[in-house]
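Asker:
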Amino acid sequence: MEFARTESLERLESTVQDNEPVIGAGAGTGISAKFAERGGVDLLIIYNSGRYRMNGRGSLAGMLSYGDANEIVLEMGQEVLPVVEDTPVLAGVNGTDPFREMDVFIEDLRRRGFSGVQNFPTVGLIDEDSSFRKNLEETGMGYDQEVEMIREASEQGMLTCPYVFNELQAREMAEAGADVIVSHMGLTTSGDIGAETALSLDEAAERVQAHHDAAKSVNDDVMVICHGGPIAWPDDAQYVLDNTDGVVGFFGASSIERLATEDAIEKQAREFKDMTVS
2 MEFARTESLE RLESTVQDNE PVIGAGAGTG ISAKFAERGG VDLLIIYNSG RYRMNGRGSL
62 AGMLSYGDAN EIVLEMGQEV LPVVEDTPVL AGVNGTDPFR EMDVFIEDLR RRGFSGVQNF
122 PTVGLIDEDS SFRKNLEETG MGYDQEVEMI REASEQGMLT CPYVFNELQA REMAEAGADV
182 IVSHMGLTTS GDIGAETALS LDEAAERVQA HHDAAKSVND DVMVICHGGP IAWPDDAQYV
242 LDNTDGVVGF FGASSIERLA TEDAIEKQAR EFKDMTVS
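With the working numbering applied, the sequence shown covers 2 to 279.
(1) Which whole runs of the beta strand (DSSP E) in the segment 90 to 169 are 3 residues long or more, in chain order?
(2) In three-state DSSP terms, what is Thr30?
(3) Starting from Val74 and walking both ways along the beta strand (DSSP E), at which residues does that stretch end?
(4) For Leu45, report the span of its beta strand (DSSP E) as first-last.
(5) Quick one, are the C-beta atoms of Met186 and Gly250 less than 7 angstroms apart?
(6) Rounded to a whole number of angstroms, what is the C-alpha to C-alpha distance between Val181 and Leu10?
(7) Within this structure, are the beta carbons of Phe100 and Tyr48 separated by less than 7 angstroms?
(8) Among Met150, Ser50, Phe36, Gly59, which residue has its Cα nearest to the Cα of Ala70?
(9) Given a threshold of 16 other Cβ atoms within 10 Å of its Cβ, counted over all protein chains shown, does Met276 qualify as buried or as exposed?
(10) Mind the definition here: the segment 38 to 46 touches the segment 237 to 244 only if three or more C-beta pairs lie below 8 angstroms; say whether that holds.
(11) Comparing C-alpha positions only, which one of Asp130, Asp236, Asp222 sits nearest to Val17?
(12) Are there three or more Cβ pairs, one per stretch, closer than 8 angstroms when the segment 143 to 163 is compared with the segment 113 to 131?
(13) Please indicate yes or no: does the CB of Asp98 lie closer than 6 angstroms to some heavy atom of the ligand PLP?
(14) Leaving out the 5 sequence neighbours to the left and right, which residues in its chain are closer than 6 angstroms to Phe166 when beta-carbon positions are compared?
(15) Identify, in the order they occur along the chain, each residue of the same chain with its Cβ nearer than 6 angstroms to the Cβ of Gln210, setting aside the five sequence neighbours on each side.
(16) Which of the three DSSP states, helix, strand or coil, is assigned to Thr262?
(17) Jot down the residue ranges of each uninterrupted beta strand (DSSP E) in the segment 203 to 235, minimum 3 residues, whole runs only, in chain order.
(18) Decide if Val278 is buried, meaning its Cβ has at least 16 other Cβ atoms within 10 Å, or exposed.
(19) Less than 7 angstroms separating the beta-carbons of Ala175 and Ala233?
(20) Compute the beta-carbon to beta-carbon distance between Glu258 and Gly31, rounded to the nearest angstrom, for a pair I have assumed lies under 8 angstroms.
(21) Mind checking which residues open and close the alpha helix (DSSP H) that includes Ser15?
(22) How would you call Asp104, buried or exposed, if buried means at least 16 neighbouring beta carbons within 10 angstroms?
(23) Under three-state DSSP, which class holds Ser184?
(24) Quick check: what's the CA-CA separation for Phe252 versus Val183?
(25) Below 8 angstroms on the Cβ atoms is my contact criterion, and I expect Gly93 with Val81 to pass it. Report the Cβ-Cβ distance as a whole number of Å.
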């Protein structure tokens, strides 16, 4: 079910006005989407890392050439969209894809029932000082392509919720028409396949605040939520919200579907294994 941008925004704004956090959830499977929706999330996001993550691989597999990221999103949409009843579903779009006419692709996403987009895979996860990142930027596969994808989706009337990694990107995405800025702190920690290298929560809160302030300097109506790095569990997200001003929520992918699944399946299996036979 596709939601118009205006309806999606009205829902999110109502959530904020009720002093509730905006929560987005990654959905790598239909069952993840179904039960995240039952848990009350405001947005569901489908992107290629969700498939890899729920197959036991690290989320950064989505950054490598293991498959066509945009085609995988279309396939996942066929699995996830039919089980979602009343929640806007966003597509993670590889905006640097040189083999897509982006305006046509976004129009196709709308036709299939997606209500919005996010920029993933994103070159923002690649160190800006690395030769690889510089070469991507120099050869037409840089973050600016992701900004233009968000601009195109906004012009087509879709909800836009891009990842940003620094203050400049926050301003650029706000200028491009982003509705919700997702301040990305890096690969999520915790669990069996989570990151070990990450910022502290205090460093994350400081960085999220900087992204918030930069985006708001361009568009005071834009919403800012946090994601990733050390912000892995509800207590972590609460700490960031308590130590920032104006940040209105959290997006969890590994945090909502992977970490919960790891613990629940292992616990259930152990309880069955602990049975006795006569």
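The C-beta atom is built at its ideal place from N, Cα and C for all residues, glycine as well.
Everything numeric in this text was worked out from a predicted model, so none of it was measured.
Answerer: The short version:
(1) When DSSP assignments are scanned along the segment 90 to 169, the uninterrupted stretches of beta strand (DSSP E) that are 3 or more residues long and fall wholly within it turn out to be 90 to 94, 117 to 120.
(2) Thr30 carries a coil assignment under DSSP once its states are collapsed to helix, strand and coil.
(3) DSSP places Val74 outside any beta strand (DSSP E); the residue lies instead in the alpha helix (DSSP H), whose first and last residues are 70 to 81.
(4) First-last of the beta strand (DSSP E) with Leu45: 44 to 47.
(5) Against a cut-off of 7 angstroms, the Cβ pair of Gly250 and Met186 comes out as no contact.
(6) Distance between the alpha carbons of Val181 and Leu10 is about 9 angstroms.
(7) Going by C-beta atoms, Phe100 is not nearer than 7 angstroms to Tyr48.
(8) Comparing C-alpha distances from Ala70 to each of Met150, Ser50, Phe36, Gly59 shows the shortest one belongs to Ser50.
(9) Counting C-beta atoms within 10 angstroms of its own C-beta, Met276 has fewer than 16 neighbours from the protein chains shown and is therefore classed as exposed.
(10) Not touching, per the Cβ criterion.
(11) Closest by alpha carbon: Asp222.
(12) Yes, the segment 143 to 163 touches the segment 113 to 131.
(13) By its list of ligands, the structure shown contains no ligand whatsoever, and the ligand PLP lies outside what it can speak to.
(14) Beyond the five residues adjoining it in sequence on each side, Phe166 comes within less than 6 angstroms, by CB distance, of Gly125, His185 in the same chain, given in chain order.
(15) For Gln210, same chain residues with a beta-carbon under 6 angstroms away, outside a window of 5 residues either side, are Thr245 in chain order.
(16) DSSP places Thr262 in helix when its eight states are reduced to three.
(17) Counting only unbroken stretches of 3 or more residues, the beta strand (DSSP E) elements lying wholly within the segment 203 to 235 are 224 to 228, in sequence order.
(18) That one is exposed.
(19) In this structure, Ala233 does not lie closer than 7 angstroms to Ala175 by Cβ.
(20) 11 angstroms between Cβ atoms; not a contact.
(21) 6 to 18 is the span of the alpha helix (DSSP H), which, as asked, contains Ser15.
(22) Flag for Asp104 reads exposed.
(23) Ser184: strand per DSSP, three-state reduction.
(24) Distance between the alpha carbons of Phe252 and Val183: 7 angstroms.
(25) Taking the Cβ atoms as the reference, Gly93 lies roughly 12 angstroms from Val81, outside the contact range of under 8 angstroms.
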